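Reading through the structure tokens given below for one structure.
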Amino acid sequence: MTPVAPTLTMTPLPLRWFVYRDNILKYERETVVTKAATRMEGPMVLPRAFSLLRLLAEVPHGMNLSDMAARLDMPKSSLSSTLKALTDQGFLARKGALYFLGSEAYALASTILAGRTIRQIARPYLEQTMEETGETVLLSQLDPDQKFASYIDTVESDKSIRFSVPLAARRALYCSSAGRVFLAFMTDRQRASYYDSVSLERMTDKTETDRVELEQVVAEIRQTGVAITMGTYSADAAGFGAPIFNSDGAVTAALTIGVPVSRAERDKQKYIDAAIKTAANISKTLGYSGGGKS
Numbered sequence: 001m002t003p004v005a006p007t008l009t010m011t012p013l014p015l016r017w018f019v020y021r022d023n024i025l026k027y028e029r030e031t032v033v034t035k036a037a038t039r040m041e042g043p044m045v046l047p048r049a050f051s052l053l054r055l056l057a058e059v060p061h062g063m064n065l066s067d068m069a070a071r072l073d074m075p076k077s078s079l080s081s082t083l084k085a086l087t088d089q090g091f092l093a094r095k096g097a098l099y100f101l102g103s104e105a106y107a108l109a110s111t112i113l114a115g116r117t118i119r120q121i122a123r124p125y126l127e128q129t130m131e132e133t134g135e136t137v138l139l140s141q142l143d144p145d146q147k148f149a150s151y152i153d154t155v156e157s158d159k160s161i162r163f164s165v166p167l168a169a170r171r172a173l174y175c176s177s178a179g180r181v182f183l184a185f186m187t188d189r190q191r192a193s194y195y196d197s198v199s200l201e202r203m204t205d206k207t208e209t210d211r212v213e214l215e216q217v218v219a220e221i222r223q224t225g226v227a228i229t230m231g232t233y234s235a236d237a238a239g240f241g242a243p244i245f246n247s248d249g250a251v252t253a254a255l256t257i258g259v260p261v262s263r264a265e266r267d268k269q270k271y272i273d274a275a276i277k278t279a280a281n282i283s284k285t286l287g288y289s290g291g292g293k294s
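According to our numbering, the residues represented by the sequence shown are 1 to 294, in order.
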């Protein structure tokens, strides 16, 4: 009997097999692309998140995706994933199309600030301002009796002729730049009580001791955001003071740049700008968003 050679029969594969294969290949391609994109984008995730938090901290009424993308100069597609992650974690809250800082962001900020004193927070700013101006920079707070301001920190100039004052030194409110900052942001009743309780002595021939004149001075400080004294406490010393606000909008400290009168008269605007800028930056760190003046 002659053996029969085996035959090979090719059974056509069903269409669904090809569809399945194409889907697998597509998935693999997309996975490779996604992983590559993630590797490229990974280092930018944290900076993007911090930029978003910082931006929304400055805009308490909230922002939508388009506005944030425009302000940060970032593609909306990149921001969307970061917004979702921050919202899921509670660092952002969403109402309609608007995003706001969430409860977790405020809780984190409170935790950070709770462990630091105003002196610790302000110190880097004092050092930077001394480097930029070359002059002594001081931090002061109002004494509990509300009659004096005390210096709680100082970064002293290294110039041979400079403003110098020991820590914990007290200055009367009416004749010092820091003191006038506190005086300016008191209520009318508090200032009236202050005037009634202290002796307005003339420290130099430039010291204002008249209540009407002092009220004009403090009104100007509230308007301009800076207190300037030229020889009102010491004949050869000038001060440029600016208020430091906390998150509630209350003046919690004063920033002062102390300068010999001769240099203060020559570069007055430079010291005004530096004092306002530094005080505003410290206020911002403390959570104040009112722009540096009340």
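Yeah, the Cβ is synthetic: ideal placement off N, Cα and C, and Gly gets one too.
Remember, it's a predicted structure, so these values are computed and weren't measured experimentally.
Counting C-beta neighbours from all protein chains within 10 Å, is the total for glycine 290 16 or more, i.e. buried, or is it exposed? One-based indexing of the sequence shown puts residue 290 at position 290. The residue is exposed, with fewer than 16 neighbouring Cβ atoms inside 10 Å.
I'd like the ranges of any beta strand (DSSP E) spanning at least 3 consecutive residues and lying wholly in the segment 49-127. 92-95 and 98-101
Using a Cβ-Cβ cutoff of less than 6 Å, which residues in the same chain neighbour isoleucine 118 once the five nearest sequence positions on both sides are dropped? Here residue 118 corresponds to residue number 118 of the sequence shown, with the count starting at 1. Here the set comprises Ala253.
Taking all protein chains shown into account, do 16 or more other C-beta atoms lie within 10 angstroms of the C-beta of phenylalanine 50, making it buried, or fewer, making it exposed? Position 50 of the sequence shown, counted from the first residue, corresponds to residue 50. It counts as exposed.
Among Tyr233, Ala97, Ala274 and Ser197, the one whose alpha carbon lies nearest that of threonine 204: Your numbering for residue 204 matches position 204 in the sequence shown. Nearest C-alpha to threonine 204: Tyr233.
DSSP state of aspartate 153 mapped onto helix, strand, coil: Here the question's residue 153 lines up with position 153 in the sequence shown. Aspartate 153: strand per DSSP, three-state reduction.
Return the first residue and the last residue of the alpha helix (DSSP H) that alanine 219 is part of. Position 219 of the sequence shown, counting from 1, holds the residue named residue 219. Counting along the chain, the alpha helix (DSSP H) containing alanine 219 begins and ends at 211-224.
Return yes when the Cβ of isoleucine 244 is within less than 9 Å of the Cβ of serine 177, no when it is not. As a working note, residue 177 is residue 177 in the sequence shown. As a working note, residue 244 is residue 244 in the sequence shown. Result no, Cβ atoms of serine 177 and isoleucine 244 do not sit closer than 9 Å.
Length at least 3, wholly inside the segment 166-217: the beta strand (DSSP E) runs in chain order: 170-172
Excluding the 5 residues preceding and the 5 following glycine 241 in the sequence, name in chain order all residues of the same chain whose CB lies nearer than 6 Å to its CB. Translated into positions along the sequence shown, residue 241 becomes position 241. Once the five neighbours on either side are set aside, the close Cβ partners of glycine 241 are Ser177, Ala178, Val181, Ala227, Ala254 and Thr256.
Apply the 10 Å Cβ neighbour rule to alanine 280 and answer buried if 16 or more other Cβ atoms are within range, or exposed otherwise. On the sequence shown, residue 280 is found 280 positions in, with the first residue counted as 1. Counting Cβ neighbours within 10 Å, alanine 280 comes out buried, since at least 16 surround it.
CA-CA distance, methionine 130 and arginine 123? Residue mapping note: residue 130 aligns to position 130 of the sequence shown, counting from 1. Residue mapping note: residue 123 aligns to position 123 of the sequence shown, counting from 1. If you take the alpha carbons of methionine 130 and arginine 123, they lie about 11 Å apart.
What are the start and end residues of the beta strand (DSSP E) that includes alanine 242? Counting from 1 along the sequence shown, the entry for residue 242 is found at position 242. It spans 237-245 - the beta strand (DSSP E) in which alanine 242 sits, taken as one unbroken run.
The beta strand (DSSP E) that contains serine 140, what's its start and end? Residue numbering aside, residue 140 sits at position 140 when the sequence shown is read from its first letter. 136-142 is the extent of the beta strand (DSSP E) around serine 140.
Which residues mark the beginning and the end of the beta strand (DSSP E) in which threonine 256 is found? By 1-based counting over the sequence shown, the position of residue 256 is 256. Taken as a continuous stretch (DSSP letters only), the beta strand (DSSP E) holding threonine 256 covers 251-260.
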